[in-house]
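Shown next, in structure tokens, is the structure this report addresses.
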Amino acid sequence: MSEPRVSAEFFSTPRLDLLPLRVEHAEEMAAVLSDPALHTFIGGAPHSPGALRARYERLVAGAPDPAVSWCNWVLRSRAEGRLVGTVQATVTQGGAGHTAEIAWVVGTPWQGRGFASEAALALVEWLGRGPVRTVVAHIHPEHLASAAVATAAGLAPTEEEQDGERRWRLLLGD
Numbered sequence: 093m094s095e096p097r098v099s100a101e102f103f104s105t106p107r108l109d110l111l112p113l114r115v116e117h118a119e120e121m122a123a124v125l126s127d128p129a130l131h132t133f134i135g136g137a138p139h140s141p142g143a144l145r146a147r148y149e150r151l152v153a154g155a156p157d158p159a160v161s162w163c164n165w166v167l168r169s170r171a172e173g174r175l176v177g178t179v180q181a182t183v184t185q186g187g188a189g190h191t192a193e194i195a196w197v198v199g200t201p202w203q204g205r206g207f208a209s210e211a212a213l214a215l216v217e218w219l220g221r222g223p224v225r226t227v228v229a230h231i232h233p234e235h236l237a238s239a240a241v242a243t244a245a246g247l248a249p250t251e252e253e254q255d256g257e258r259r260w261r262l263l264l265g266d
């Protein structure tokens, strides 16, 4: 019998509220994520509010594979009272414990303040309280800011590469 899916739930850090993604976040997040520079290492282009709404509808509906959980949060700065970025975890069930592939993005105006590191570390800690035993991230080798976020969250680079990105990993618990 498979274990129940992992579901995003509210949690917070000293400066941020991590809110489970809702379709209604799309309009504000389209503005947060509107800088084309955010796509330098990951490719693509910013989504319009309508396209982001459609994407969020798919994400909120959940993964079609029952062994996979899509957990997505928006980051709200309590001091500013507005959304500033996202974190996500794709959690896959496995025999020796679940694996979570994580990612993060903070809008350009809020970069350099440690929000991504704070949120990623909190996400890893949250994942570690559940069935997740391995956390991974894929980072372009020239994306030094994301490498710093991964390091702050406890991940370390491996020798593995996928699609031109380095795989970073953290093993949780015993």
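Heads up: the sequence shown begins at 93 in this note's numbering, then just goes up one per residue.
The beta carbon of each residue, even a glycine, is placed where N, CA and C say it ideally should be.
Here the structure is a predicted model, which means the values were calculated and not measured.
For the 9 Å CB-CB criterion, V179 and L263 do not form a contact.
Taking 9 Å as the cut-off, the beta carbon of P249 is found closer than this to the beta carbon of A239.
At a Cβ-Cβ threshold of 9 Å, S99 and S161 count as neighbours.
Between the alpha carbons of R147 and L175 lies a distance of about 17 Å. At the C-beta level, A122 and L144 come within 9 Å of one another. Under the three-state reduction of DSSP output, L111 falls in the strand class. Distance from the CA atom of H235 to the CA atom of A188, rounded to whole angstroms, is 31 Å. Listed in chain order, the non-local C-beta contacts of F103 below 6 Å within the same chain comprise L110, W218, local neighbours out to five positions each way being set aside. The DSSP-derived three-state label of V176 is strand.
In the three-state scheme derived from DSSP, where H, G and I count as helix and E and B as strand, S140 is classed as coil.
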